[in-house]
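K.L.:
Pasting a structure below so you can have a look.
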Amino acid sequence: MTDTHYDRAPGDASALPDVEQGTSSGLLVYTIGLVLAVVLTAMSFWVANTSLLWAGGVSLGLTVLAIAQMGIHLVFFLHVTTGPDNTNNVMALAFGVLIVALVVVGSLLIMADLNDNMMPAAELMNLQMQH
Amino acid sequence: MNIAAAVDDEVRHEARPSASEAGPATKRIVVGYGFWVFLLSDIVMFSAIFAAYAVLTHSTAGGPGGVQLFNQRSVAIETGCLLASSYTCGLMSLAIGSRRYAVTYLAALITFVLGAAFLVLEVREFAGMIAIGPGRNAARSSLPSLRLSAATDLHVTAGLVWLAVMMAQVAIKGFRETVERRLLCFSLFWHALDIVWVWLFTVVYLMGVLS
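Respectively, the protein sequence lines represent chains C and P. Counting from -11, one number per residue, gives the positions in the first sequence under our numbering. Counting from 12, one number per residue, gives the positions in the second sequence under our numbering.
This is the structure:
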């Protein structure tokens, strides 16, 4: 009986036979992750400071870069993969992402809606003057 | 075609019998999974603080906004520190896997120093924020981002203490199974913290400067 029967612990590299094991390949994985993360970080600092890009698209670009970097961290540092021994970890992650999206997007939507329905300050002043 | 599918199914079953046939998973898997779920709930907590920040960020009541308060160079250095420490933490887990004490201590030391450098820079930044804008308005305008950063700093501090304790345990107990499981949890924690920081520096520091 080997450990391949179970999902592996998050953070552990794959124990499946078709995946190369050993320190050197592990080192390679972390180093690739580091290089990609550094490139993405440098890009997002550049995007935030450059005047070459259309200003309206900058925040969207930053979001894309951040999500890409979080994906890099998950895959190369936390070893979360789509492999069959990782289903539970990915399902837990998916649920976490769902809750995070609900909390953040929900709060922003509700508050933006309330803001729109608020009376502008000047109009409010007018009302008070009439009484 | 049906037969092929059936055979394929059979082979797969032979390779990976169901959990009920194989019995309970090892403790390392259970502990790692439990800690993973805890980390996800921690990230949900961060997202609540983050939502509060995103809602309140433009209501500065005339106080200084993000542009005046944030220093991008120090943010870049902080990001570099945390990223490098995440990398050395990964190297530490490799060294633990191959039972090499010296490399483990060295990687842990570098991780600790980089994490401490991150903390020092953050505290210096807070001191600078307070110095720039005294008074009620300044406090109000920087409070949401302060709270987010403070939550991260608390996590980093806890991580540093944890790392020191773990190194003492490695020195005294050696690479026992219990110690290894704790080290697994630590490396998960440290990597997850870095993910939270990626989110935080993008939205608070980079996008905050944009508007």
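Ideal placement from N, C-alpha and C gives every residue a C-beta, glycine not left out.
For Leu194 (chain P), which of P:Ala62, P:Ser97, P:Trp173 and P:Asp205 has the nearest alpha-carbon?
P.N.:
Residue numbering aside, residue 194 (chain P) sits at position 183 when the second sequence is read from its first letter. Taking only the C-alpha atoms, the option nearest Leu194 (chain P) is P:Trp173.
K.L.:
So, using beta-carbon positions, are Ala36 (chain C) and Val46 (chain C) closer together than 8 Å?
P.N.:
Taking the first residue of the first sequence as 1, we reach residue 36 (chain C) at position 48. Taking the first residue of the first sequence as 1, we reach residue 46 (chain C) at position 58. Their beta carbons are under 8 Å apart, which means Ala36 (chain C) touches Val46 (chain C) by this criterion.
K.L.:
Once you ignore the five residues that flank Val124 (chain P) on each side, which residues in its own chain have a CB closer than 7 Å to its CB?
P.N.:
Here residue 124 (chain P) refers to the residue found at position 113 of the second sequence. Nothing meets the Cβ criterion.
K.L.:
Closer than 8 Å, CB to CB, is Gly101 (chain P) near chain C or not?
P.N.:
Your numbering for residue 101 (chain P) matches position 90 in the second sequence. Yes, its Cβ sits closer than 8 Å to a Cβ of chain C.
K.L.:
Closest to Pro203 (chain P) by C-alpha separation, out of P:Lys38, P:Gly43, P:Leu50 and P:Gly34, would be which residue?
P.N.:
As a working mapping, residue 203 (chain P) is identified with position 192 in the second sequence. The sequence shown places Ala at residue 203 (chain P), not Pro. Looking at the Cα atoms, P:Leu50 is the closest of the given residues.
K.L.:
Could you have a look at Asp53 (chain P) and say whether DSSP puts it in helix, strand or coil?
P.N.:
Along the second sequence, read from residue 1 onward, the residue named residue 53 (chain P) stands at position 42. Here Asp53 (chain P) sits in helix by DSSP.
K.L.:
Are the beta-carbon atoms of Leu24 (chain C) and Ile55 (chain C) separated by less than 8 Å?
P.N.:
Here residue 24 (chain C) is taken as the residue at index 36 of the first sequence, counted from 1. Here residue 55 (chain C) is taken as the residue at index 67 of the first sequence, counted from 1. Cβ atoms of Leu24 (chain C) and Ile55 (chain C): not closer than 8 Å.
K.L.:
For Gly43 (chain P) and chain C, any beta-carbon pair shorter than 8 Å?
P.N.:
Locating residue 43 (chain P) in the second sequence gives position 32, counting from the first residue. Chain C contact via Cβ: present.
K.L.:
State yes or no: is the C-beta of Ile87 (chain C) within less than 8 Å of the C-beta of Val66 (chain P)?
P.N.:
As a working mapping, residue 87 (chain C) is identified with position 99 in the first sequence. As a working mapping, residue 66 (chain P) is identified with position 55 in the second sequence. Contact flag unset, no.
K.L.:
Would a check of beta-carbon distances place Met218 (chain P) closer than 8 Å to chain C?
P.N.:
Counting from 1 along the second sequence, the entry for residue 218 (chain P) is found at position 207. So yes, Met218 (chain P) belongs to the interface.
K.L.:
Can you list the residues of chain C that Leu125 (chain P) reaches, using a CB-CB cut of under 7 Å?
P.N.:
Here the question's residue 125 (chain P) lines up with position 114 in the second sequence. Here the premise fails: no neighbours, minimum Cβ distance about 13 Å.
K.L.:
Between the segment 92 to 102 of chain P and the segment 117 to 131 of chain P, do at least 3 Cβ pairs fall closer than 8 Å?
P.N.:
With the cut-off at 8 Å, the segment 92 to 102 of chain P and the segment 117 to 131 of chain P touch.
K.L.:
What residue does the alpha helix (DSSP H) around Asp101 (chain C) start on, and which one ends it?
P.N.:
Here residue 101 (chain C) refers to the residue found at position 113 when the first sequence is read from its first residue. Thr75 to Asn105 is the span of the alpha helix (DSSP H), which, as asked, contains Asp101 (chain C).
K.L.:
Can the beta-carbon of Arg228 (chain P) be found closer than 8 Å to that of Val86 (chain P)?
P.N.:
Chain P is shown from 12 up to 222; residue 228 (chain P) falls before or after that span and cannot be answered.
K.L.:
Terminal residues of the continuous alpha helix (DSSP H) containing Ser96 (chain P)?
P.N.:
In the second sequence, residue 96 (chain P) corresponds to position 85, counting from 1. Gln83 to Gly108 is the extent of the alpha helix (DSSP H) around Ser96 (chain P).
K.L.:
Looking at the C-beta of Pro108 (chain C), does it have a partner C-beta in chain P at a distance below 8 Å?
P.N.:
Position 120 of the first sequence, counting from 1, holds the residue named residue 108 (chain C). No, Pro108 (chain C) does not count as interfacial toward chain P.
K.L.:
Would you check if the distance between the CB atom of Phe46 (chain P) and the CB atom of Cys196 (chain P) is smaller than 8 Å?
P.N.:
Residue numbering aside, residue 46 (chain P) sits at position 35 when the second sequence is read from its first letter. Residue numbering aside, residue 196 (chain P) sits at position 185 when the second sequence is read from its first letter. The answer is yes: Cβ separation under 8 Å.
K.L.:
Could you tell me whether any Cβ in chain P is nearer than 8 Å to the Cβ of Ile87 (chain C)?
P.N.:
On the first sequence, position 99 is the one that residue 87 (chain C) refers to. For Ile87 (chain C), the answer is yes, since a Cβ of chain P falls inside 8 Å of its Cβ.
K.L.:
So with CB distances below 7 Å, who are the chain P contacts of Val52 (chain C)?
P.N.:
Within the first sequence, numbered from 1, the residue matching residue 52 (chain C) stands at position 64. Going along chain P, no residue has its Cβ under 7 Å from Val52 (chain C), so there is no contact; the nearest lies around 10 Å.
K.L.:
How about Trp210 (chain P) and Ser97 (chain P): are their beta carbons less than 8 Å apart?
P.N.:
For the purposes of this step, residue 210 (chain P) is taken as residue 199 along the second sequence, with counting starting at 1. For the purposes of this step, residue 97 (chain P) is taken as residue 86 along the second sequence, with counting starting at 1. Result no, Cβ atoms of Trp210 (chain P) and Ser97 (chain P) do not sit closer than 8 Å.
K.L.:
Kindly list, in the order they appear in chain P, the residues whose Cβ is closer than 8 Å to that of Gly71 (chain C).
P.N.:
Position 83 of the first sequence, counted from the first residue, corresponds to residue 71 (chain C). Near Gly71 (chain C) there are no residues of chain P at all, since even the closest Cβ is about 11 Å away, more than 8 Å.
K.L.:
Quick check: what's the CA-CA separation for Tyr(-6) (chain C) versus Ile141 (chain P)?
P.N.:
Position 6 of the first sequence, counted from the first residue, corresponds to residue -6 (chain C). Position 130 of the second sequence, counted from the first residue, corresponds to residue 141 (chain P). About 52 Å.
K.L.:
Determine the chain C residues that contact Ala59 (chain P) at a beta-carbon separation under 7 Å, and present them in chain order.
P.N.:
As a position in the second sequence, residue 59 (chain P) is number 48, starting the count at 1. The answer, in chain order, is Val91.
K.L.:
Does the distance from the CB of Ala1 (chain C) to the CB of Gly14 (chain C) come in under 8 Å?
P.N.:
What you label residue 1 (chain C) is simply residue 13 of the first sequence in a count that begins at 1. What you label residue 14 (chain C) is simply residue 26 of the first sequence in a count that begins at 1. Yes, the Cβ-Cβ distance between Ala1 (chain C) and Gly14 (chain C) is below 8 Å.
K.L.:
Alpha carbon to alpha carbon, how far is Ala33 (chain P) from Arg158 (chain P)? Give it in angstroms, no decimals.
P.N.:
Translated into the one-based positions of the second sequence, residue 158 (chain P) becomes position 147. Translated into the one-based positions of the second sequence, residue 33 (chain P) becomes position 22. The alpha-carbon atoms of Arg158 (chain P) and Ala33 (chain P) are separated by roughly 47 Å.
K.L.:
For chain C, find out if any of its Cβ atoms is closer than 8 Å to the Cβ of Trp173 (chain P); answer yes or no.
P.N.:
What you label residue 173 (chain P) is simply residue 162 of the second sequence in a count that begins at 1. For Trp173 (chain P), the answer is no, since every Cβ of chain C falls outside 8 Å of its Cβ.
K.L.:
Thr90 (chain P) CB to nearest chain C CB: under 8 Å?
P.N.:
Residue mapping note: residue 90 (chain P) aligns to position 79 of the second sequence, counting from 1. Answer yes: the Cβ-Cβ gap between Thr90 (chain P) and chain C drops below 8 Å somewhere.
K.L.:
What is the residue span of the alpha helix (DSSP H) that Trp42 (chain C) lies within?
P.N.:
Counting from 1 along the first sequence, the entry for residue 42 (chain C) is found at position 54. Looking at the DSSP string, Trp42 (chain C) is not in any alpha helix (DSSP H), and its letter there is neither H nor E.
K.L.:
Quick one: give me the first and last residue of the alpha helix (DSSP H) that Thr70 (chain C) is part of.
P.N.:
Residue 70 (chain C) sits at position 82 when you count from the first residue of the first sequence. No alpha helix (DSSP H) holds Thr70 (chain C); DSSP gives it neither H nor E.
K.L.:
Rank P:Gly170, P:Leu199, P:Gly139 and P:Phe186 by C-alpha distance to the C-alpha of Ser109 (chain P) and give the top, closest one.
P.N.:
Here residue 109 (chain P) is taken as the residue at index 98 of the second sequence, counted from 1. Measuring from the Cα of Ser109 (chain P), the nearest candidate turns out to be P:Phe186.
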